[in-house]
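Novice:
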Amino acid sequence: MIIISQKKWLAYLLIAAMMFTLFAVFAVNHNNKVDAVTTSFRFVVLGDSRGSTNGVNETTLRSLMTKVKGLAVQPSFVLFTGDQVTGGADVGNQLTAWKNIMDDYYPMTAIYPTLGNHENDETIFSNAFTHLPTGQLSGYQRSAYYFDYGNTRIITLNSNRKDANGKYIIDSNQRAWLQNTIQSGGKTHNIVQFHVPAYPIGAHYGASLDANAAQRDAVWDILDANNVTAVLVGHEHNYNRRKIYSTFNGNGYTFGNTIYQLTIGGGGAPLSSTNTNSTNVVVGPAASYQYTVVDIADATATFTTFDINNNQIDSFSVTRDGSTPPPSTTTSFQNGVYPSTGYAGNLDTYISQNSATANYGISATLLVDGDDPSGSTKDLASIMKWDTSSIPTGKTVTSASIALSVFDASANTYELYEMKRNWTEGGATWNQFASGSNWTTAGASGSTDRGTTVLGTMTASSIGTYTINLNTSGKALVQSWINNPSTNYGMIITDSSNADGLDIRSSEYSTASSRPKLTVTYE
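Here the sequence shown stands for residues 34 to 556, where the numbers follow this note's numbering.
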C-alpha cells in the first residue's frame, strides 16, 4: 500500500483547487463570449410603477416581478419605460427605494430604465443609475444610451426635453445620434425605448410628442428609414399596440415600413382605459397591470404581454433580415424656411384661360379650377418648381412629397404633371411660358409643354396643410432633377374636368411656413 504524506495530500488538493478555479474562470468567460454573440435570448419590459410608498406602488411592482421571476426561461435583462417613481423633492430617495425593490429580483446591472417625466431631473437620474452607459451623447449624462446584447442593440432616448413652447420633443441632437447609433451597430434588431409616446391614444393624447408633430415625425422618420424592430414607450397607464406606417405620413415625411409602438405603462401607476384616438391600434388599451416578454430567436422577435395574473393580453412576432438600410437624409425646400431662411428657390404662378395674357407671378395665391368663371368651362392651372441642386448628384431619391396650404377647399381631385418648358415666374401666362415665347398649345397643354403621366393627386376637401406623396413616377421625376438640375422645370396642378376650384398659398405668401414645400428623402 502506498502511503502519501499529509503534505503531499495538501499539495494535491491545492493543485486540484487551482485547476477547478481555472476551469470555472474559463467557463464563465466562455459563456460571456457566447452571450455576446447569441441570437437567442429573452428580456422583459415594464413601465410606470409610480405609487404612494416611497414613490412606488411596491405591492404591484413586487407582484409583477414575482411573476417575471417565475418564468421558466429567465430574462437576460429588464427594460423599464420610465416613471419608475412619483417624483418630487425626494425623487433621489424614491429611486433608491425602487432600486432596492428591483434588486431583490435581479441585479441592478441587468436593469435598464428610461427617464420619465416624474423623475425628470437628468442629474439625479444619472446619479441613481451609475451602471448605465455614460457620455455616449454629450450633454445627456445617462438619459440617452445604448447597449448591445447578442444580435440586438437597445437604444434609450430622452423624451423629456422640451421645445420653446414647452412641448415634449426628441431633439435634433438625439436624432442625429440615433441615426448614427443604428447605422454603426450592424445588428439584426434595433429596439428603441423612450417614455413619452410618439403616438399616444388616450390620457396624454395631444400632450406627448404629438404636440410638436414636426419634431415627432422627424424622429419617426429615422426609426422608419432604419426599419427598427419595435418602439417601447410608457406614460399612458395601460398596454396598447399601435401600427405606425404610411397612414401617419405628414409634415413632409413618408413612412415606408410598418413599426409597432408598444405602450407598456402598467407597472403600478393608476390605470387608464381612455381611448381618444384609436387609428391603427391593434390591441388595447388594456387597463391592466402588465409586463411584456420579448424572445429573440435569430431574425424573429416575439413580444408577449401578460397581465398581473399571467393572462395573455397580446402576442405577435416581428422579423428583420439583419440588413441595415443605407443612411438616408431628408431635406425640405420652402422659401424663407428650408433648407435655410435664405432659401428662395421656389418659383410659382398660376395661369388663367379667362385672362390669357395676365401674369400672376407676384400673387400670394395659387389657383386651380376647371370652370372659372363659373359656367365658362375655362381653366385655371398652377405651376411650381423648387431648386433642388443642393442635393448631391449620385444620391437616390427614396421618397418625395409636396405640402400645400389650402385656404379654399375643393371636393374635386386635382393631378400633378411634369412641366417640360423652362417657364419663368414673371413671364408665364395662359399663352406664353416666358415673355415672347408661346406654349406649343395654350394653357401649357401641349405634349412638349407638359407630361401626361400623373405624378400624384390631391383631394383637399378641407382647409389646412395638405401633403401630396409623389408616386413612383413623381419620385423618378425628382430623381431626374438630382441627376441633371438643368432639366428641373417643376410641375403643374390641373384638371380641366373639375368645376370646384382650389385656392392655395403661394411662395409669395407672408407667412413663410404656409408656402409650398417640397420634401425629398434620399440615400
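The beta carbon of each residue, even a glycine, is placed where N, CA and C say it ideally should be.
Beta carbon of Y272, beta carbon of T296: below 8 angstroms?
Specialist: As a first step, residue 272 must be located in the sequence shown, where it is residue number 239. As a first step, residue 296 must be located in the sequence shown, where it is residue number 263. With a cutoff of 8 angstroms on beta-carbon distance, Y272 and T296 are scored as near each other.
Novice: Going straight from the alpha carbon of N62 to that of S217, what length do you get?
Specialist: Taking the sequence shown and counting its residues from 1, the one referred to as residue 62 is at position 29. Taking the sequence shown and counting its residues from 1, the one referred to as residue 217 is at position 184. For N62, the predicted structure reports a pLDDT of 33, less than 50, and the residue's modelled location is therefore unreliable. A value from the coordinates is still provided. Distance between the alpha carbons of N62 and S217 is about 26 angstroms.
Novice: Which whole-angstrom value is the C-beta distance of T337 and S348, which I expect to be below 8 angstroms?
Specialist: Position 304 of the sequence shown, counted from the first residue, corresponds to residue 337. Position 315 of the sequence shown, counted from the first residue, corresponds to residue 348. Under the criterion of beta carbons closer than 8 angstroms, T337 and S348 qualify as touching, at roughly 4 angstroms.
Novice: Tell me which residues share the same chain as D68 and place their Cβ nearer than 6 angstroms to its Cβ, disregarding the 5 neighbours each side in the sequence.
Specialist: Looking up residue 68 in the sequence shown gives position 35. Bear in mind that a pLDDT of 47 at D68, under 50, signals an unreliable position, so the number given afterwards is only what the model happens to contain. None.
Novice: With K550 and Y371 assumed to form a contact (beta carbons below 8 angstroms), what rounded beta-carbon distance in angstroms separates them?
Specialist: By one-based count along the sequence shown, residue 550 stands at place 517. By one-based count along the sequence shown, residue 371 stands at place 338. Right, their Cβ atoms sit about 7 angstroms apart.
Novice: Quick check on the burial criterion: 16 or more other C-beta atoms within 10 angstroms. Buried or exposed for N64?
Specialist: If you number the sequence shown from 1, residue 64 lands on position 31. In this prediction, N64 scores a pLDDT of 33, lower than 50, which makes its location untrustworthy; no coordinate-derived value is stated.
Novice: What is the rounded straight-line gap between the Cα of L170 and the Cα of P230?
Specialist: Taking the sequence shown and counting its residues from 1, the one referred to as residue 170 is at position 137. Taking the sequence shown and counting its residues from 1, the one referred to as residue 230 is at position 197. Each residue's Cα considered, the two are about 21 angstroms apart.
Novice: Kindly give me the distance between the Cβ atoms of F76 and L112, rounded to whole angstroms, as I take these residues to be in contact under 8 angstroms.
Specialist: If you number the sequence shown from 1, residue 76 lands on position 43. If you number the sequence shown from 1, residue 112 lands on position 79. Sure, about 6 angstroms apart at Cβ, within 8 angstroms.
Novice: Closest to D81 by C-alpha separation, out of A105, G120 and Q107, would be which residue?
Specialist: In the sequence shown, the residue the question calls residue 81 occupies position 48. When each option's Cα is compared against that of D81, the closest is G120.
Novice: Under 8 angstroms: do the region 363 to 382 and the region 309 to 324 share three or more Cβ pairs, one atom per stretch?
Specialist: no
Novice: So if DSSP puts S434 in a beta bridge, which residue, or which two residues, is it bridged to?
Specialist: Translated into the one-based positions of the sequence shown, residue 434 becomes position 401. Per the DSSP secondary-structure output, S434 pairs in a beta bridge with N502 and T552.
Novice: Would you decide whether Q345 is buried or exposed? Buried here means 16 or more other CB atoms lie within 10 Å of its CB.
Specialist: The sequence position of residue 345 within the sequence shown is 312, counting from 1. Result: exposed.
Novice: I'd like to confirm the pairing. Which residues does DSSP put opposite P146 in its beta bridges?
Specialist: What you label residue 146 is simply residue 113 of the sequence shown in a count that begins at 1. Looking at the DSSP assignment, P146 forms a beta bridge with F113.
Novice: DSSP beta-bridge partners for S388?
Specialist: Along the sequence shown, one-based indexing puts residue 388 at 355. As computed with DSSP, S388 is found in no beta bridge at all.
Novice: Given S350, which residues of its chain have a CB within under 6 angstroms of its CB, disregarding the five upstream and five downstream residues?
Specialist: As a first step, residue 350 must be located in the sequence shown, where it is residue number 317. Counting only Cβ-Cβ distances below 6 angstroms, and skipping sequence neighbours, we find T333 and T335.
Novice: Excluding sequence positions up to five away, which residues of its chain have a Cβ less than 7 angstroms from the Cβ of T426?
Specialist: Within the sequence shown, residue 426 is the residue found at index 393, counting from 1. So the qualifying residues of the chain are I515 and N516.
Novice: Note down the Cα distance separating S530 from D441, rounded to an integer number of angstroms.
Specialist: Stepping through the sequence shown from its first residue, residue 530 is reached at position 497. Stepping through the sequence shown from its first residue, residue 441 is reached at position 408. Spanning the two alpha carbons is a distance of roughly 18 angstroms.
Novice: Could you say which of M135, W472, A532 and T185 lies nearest to L400 if we only look at CA atoms?
Specialist: As a position in the sequence shown, residue 400 is number 367, starting the count at 1. When each option's Cα is compared against that of L400, the closest is A532.
Novice: Which residue wins for smallest C-alpha separation from T189, given the options F158, R353, Y179 and H268?
Specialist: Numbered from 1 along the sequence shown, position 156 holds the residue referred to as residue 189. The closest CA to that of T189, considering only F158, R353, Y179 and H268, is found on Y179.
Novice: Tell me whether T287 sits in a helix, a strand or coil according to DSSP, three-state version.
Specialist: Here residue 287 corresponds to residue number 254 of the sequence shown, with the count starting at 1. The answer is coil: DSSP assigns T287 none of H, G, I, E or B.
Novice: How would you label G507, buried or exposed, when you count the other beta carbons within 10 angstroms and need 16 or more for buried?
Specialist: Residue numbering aside, residue 507 sits at position 474 when the sequence shown is read from its first letter. So G507 counts as buried.
Novice: Nearest by alpha-carbon distance to W210: which of S415, L256, L148 and S547 is it?
Specialist: Within the sequence shown, residue 210 is the residue found at index 177, counting from 1. Ranking S415, L256, L148 and S547 by Cα distance to W210 puts L256 first.
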